[in-house]
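*Asks:*
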Amino acid sequence: MLGPVILAASRSEKMRRFVSAAPGTKQVVDRFIAGETVDQVVPIVIETVGKGLEVTLDVVGEDITTREQAYAARDAYLELIERLKDLDYGPKAEMSVKLSMFGQALEGGHELALANVRPVVEAAAAIGTTVTLDAEDHTTLDSMFAIHEELRKDFPQTGCVIQAYLFRTEDDARRLAANGSRVRIVKGAYKEPAEVAIQDKTEIDKAYVRILKILMEGDGYPMIGSHDPRLISITQELARRAGRKLDEYEFQMLYGIRSDEHVRLAAEGHRMRVYTAYGTDWYGYFMRRLAEKPANLLFFARSILTK
Ligand code: FDA
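Each residue of the sequence shown is one higher than the one before, starting from 0 at the first, in numbering that gives the first Met the number 0.
#1: On the criterion of 16 or more Cβ atoms from any shown chain inside 10 Å, does P221 qualify as buried, or is it exposed?
#2: Any idea what DSSP makes of T138, helix, strand or coil?
#3: Based on DSSP bridge pairs, tell me the residues matched to A92.
#4: Based on Cα-Cα distance, which residue from R117, R209 and S9 lies nearest to L165?
#5: Nearest by alpha-carbon distance to V116: which of E148, K91, D38 and L86 is it?
#6: By DSSP's criteria, E132 is part of a beta bridge. Which residues make up the other side?
#7: Using only CA atoms, which one of D227, L150, K152 and A193 lies nearest to I184?
#8: Pairing CB atoms from the region 54 to 70 with CB atoms from the region 95 to 105, are three or more of them under 8 Å?
#9: Cβ of S225 versus every heavy atom of the ligand FDA: is any distance shorter than 7 Å?
#10: Using only the alpha-carbon positions, how far apart do D170 and A163 sit?
#11: My output table needs one value for M228: the three-state DSSP class, helix, strand or coil.
#12: Out of G283, I197 and A123, state which residue places its alpha-carbon closest to the alpha-carbon of V63.
#13: List the residues that DSSP assigns as beta-bridge partners of R276.
#14: In three-state terms, what does DSSP make of R183?
#15: Is D141 near the ligand FDA, judged by its Cβ being under 7 Å from some heavy atom?
#16: Cα-Cα, which of R10, A123 and I43 is closest to G255?
#17: Rounded to the nearest angstrom, what separates I5 and Y70 at their Cα positions?
#18: Looking at I231 and Y248, is the spacing between their C-beta atoms short of 8 Å?
#19: Distance check for A122 and M252, CA to CA, integer angstroms please.
#20: Taking the DSSP output, what are the residues bridged to A104?
#21: Would you say the beta carbon of Y274 comes nearer than 7 Å to a heavy atom of the ligand FDA?
#22: Okay, do the region 45 to 57 and the region 265 to 282 touch, 3+ Cβ pairs below 8 Å being the bar?
#23: Can you tell which of A125, D141, S142 and A177 has the C-alpha that lies nearest to the C-alpha of F154?
#24: By Cβ distance below 7 Å, which residues in the same chain neighbour F299 in space, the five residues on each side in sequence not counted?
#25: Would the C-beta of G187 count as close to the ligand FDA, meaning under 7 Å from any of its heavy atoms?
#26: Enumerate in chain order the residues of its own chain whose CB-to-CB distance from L264 is below 6 Å, with the five nearest sequence positions on each side excluded.
#27: CB-CB under 6 Å to V40, same chain, minus the five flanking residues each way: which ones, in chain order?
#28: May I ask you to report which of helix, strand or coil DSSP gives P22?
#29: Should K13 be labelled buried (16 or more other beta-carbon atoms within 10 Å of its own) or exposed?
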């Protein structure tokens, strides 16, 4: 019940101002956001890779309103990649990007987002790593998939995300599995209407498994973005049945969520990549994390009240 309300609040400017200014917010935000600057995130990347894990780095931000903000987003990623160059981690440290942060929703936004993300993908390739395009709300996806296809012509390792809750996703999965793409499958984190998305949690899980099967049996590289213990064991079973070796798929989880599980799966020999978000524009990302688990909201409310 609370999830949709929090997701609606994630798009409210008034709530953004309230939450950002509330005492106690920072303490809760820190659980999910690995710092505000490149200098703060780099030691966390080193620590994570030191534990035998991999990372995908997200400079938080979305729904920008000016072209200058879009260029600034591109430059923030280029600065990050410059720092990763010194670490020489290659594909162990990749990037995740939201095209709305690269200008996708502005006038001429499709071309603008493509023009902004291309140099990031090029710079990533130059240091031996890659970029995954996050999936945002359903209205953005045709553009995201077209940009993904365009980038793959020169950089076939460019990944994208599909969301199990959308009715369209089984078709998308078939197409991406057939063309050999790197694909992250997630349940889906946005507030979507019943015309385009499954609303029932159990049905979303069932769709997730159907899509997982398509990816596992296909020619691409599946990236399983979930903390759900049932889906993790189903993944292991489906990978075994499809004859996939441990390096022919990977698990991904979010920084700050089920951290013991990150290490446990890596110790079993799995590739485990931690989605590590950092930056100052954390509001939308943070609110989606609150919406996923009502207990987070209670913790948040308590930390505000006790300040
Ligand atoms: P579920 O929500 O059922 O959670 C299973 C268990 O995990 C919970 O019982 C709890 O223990 C723990 N858990 C999950 N979320 C938690 C939270 N916020 N706080 C504390 N515990 C939590 N979505 C999207 O629409 N587009 C995208 O591009 C991405 N990208 C992405 C990358 C990666 C690496 C991950 C892991 C997830 C995403 N997501 C996403 C988010 C995704 O759609 C989904 O909302 C979350 O992963 C939560 O779903 P789970 O599969 O973890 O299951």
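The C-beta atom is built at its ideal place from N, Cα and C for all residues, glycine as well.
Everything numeric in this text was worked out from a predicted model, so none of it was measured.
*Replies:* Well, looking at it:
#1: The sequence position of residue 221 within the sequence shown is 222, counting from 1. P221 sits buried, since 16 or more C-beta atoms from the chains shown fall within 10 Å of its C-beta.
#2: Working through the sequence shown from its first residue, we reach residue 138 at position 139. T138 falls in the helix class under three-state DSSP.
#3: Numbered from 1 along the sequence shown, position 93 holds the residue referred to as residue 92. BP columns for A92 point to V54.
#4: For this step, residue 165 is matched to residue 166 along the sequence shown. Considering only alpha carbons, the answer is R209.
#5: Indexing the sequence shown from 1 puts residue 116 at position 117. When the alpha-carbon of V116 is set against those of E148, K91, D38 and L86, the nearest one is in E148.
#6: Locating residue 132 in the sequence shown gives position 133, counting from the first residue. Reading the sequence as shown, one finds Leu at residue 132 and not Glu. Bridge partners of L132: V96 and C159.
#7: The residue you call residue 184 lines up with position 185 of the sequence shown. Ranking D227, L150, K152 and A193 by Cα distance to I184 puts D227 first.
#8: Short answer: they touch.
#9: Along the sequence shown, one-based indexing puts residue 225 at 226. Yes, the beta carbon of S225 sits closer than 7 Å to at least one heavy atom of the ligand FDA.
#10: Translated into the one-based positions of the sequence shown, residue 170 becomes position 171. Translated into the one-based positions of the sequence shown, residue 163 becomes position 164. Straight-line Cα distance between these residues: approximately 11 Å.
#11: In the sequence shown, the residue the question calls residue 228 occupies position 229. The amino acid occupying residue 228 in the given sequence is Pro; Met does not appear at that position. Helix, per DSSP.
#12: Here residue 63 refers to the residue found at position 64 of the sequence shown. For the record, residue 63 in the displayed sequence is Ile; it is not Val. Ranking the options by Cα distance to I63, first place goes to G283.
#13: To locate residue 276, count along the sequence shown from 1; it is residue 277. As written in the sequence, residue 276 is Ala, which differs from the Arg given in the question. Within the DSSP secondary-structure output, A276 pairs in a beta bridge with I32 and D57.
#14: Counted from its first residue, the sequence shown places residue 183 at position 184. Secondary structure at R183: strand, using DSSP grouped into helix, strand and coil.
#15: By one-based count along the sequence shown, residue 141 stands at place 142. Outside the cutoff, so no.
#16: Taking the sequence shown and counting its residues from 1, one reaches residue 255 at position 256. When only C-alpha atoms are compared, the closest one is I43.
#17: What you label residue 5 is simply residue 6 of the sequence shown in a count that begins at 1. What you label residue 70 is simply residue 71 of the sequence shown in a count that begins at 1. Taking the Cα positions, I5 is about 29 Å away from Y70.
#18: As a first step, residue 248 is located in the sequence shown; it is residue number 249 there, counting from the start. As a first step, residue 231 is located in the sequence shown; it is residue number 232 there, counting from the start. Cβ distance not < 8 Å, so Y248 and I231 don't count as in contact.
#19: Counted from its first residue, the sequence shown places residue 252 at position 253. Counted from its first residue, the sequence shown places residue 122 at position 123. Their backbone Cα atoms lie some 25 Å apart in a straight line.
#20: Sequence index remark: in the sequence shown, residue 104 carries index 105 (1-based). DSSP, once it has assigned bridges, lists no residue as partnering A104.
#21: In the sequence shown, counting from the first residue as 1, residue 274 sits at position 275. Inclusion of Y274 in the 7 Å shell around the ligand FDA follows from its C-beta lying nearer than that to a non-hydrogen atom of the ligand.
#22: The region 45 to 57 is in contact with the region 265 to 282.
#23: Residue 154 sits at position 155 when you count from the first residue of the sequence shown. Just measuring C-alpha positions, the residue of A125, D141, S142 and A177 sitting nearest F154 is A125.
#24: Here residue 299 corresponds to residue number 300 of the sequence shown, with the count starting at 1. Once the five neighbours on either side are set aside, the close Cβ partners of F299 are V27 and L289.
#25: Sequence index remark: in the sequence shown, residue 187 carries index 188 (1-based). Result yes, Cβ under 7 Å from the ligand FDA.
#26: Sequence index remark: in the sequence shown, residue 264 carries index 265 (1-based). Within the same chain, L264 has close Cβ partners F250 and M271.
#27: In the sequence shown, residue 40 corresponds to position 41, counting from 1. Contacts found: A33, G34 and Y277.
#28: Walking along the sequence shown from the start, residue 22 turns up at place 23. P22 falls in the coil class under three-state DSSP.
#29: On the sequence shown, position 14 is the one that residue 13 refers to. Flag for K13 reads exposed.
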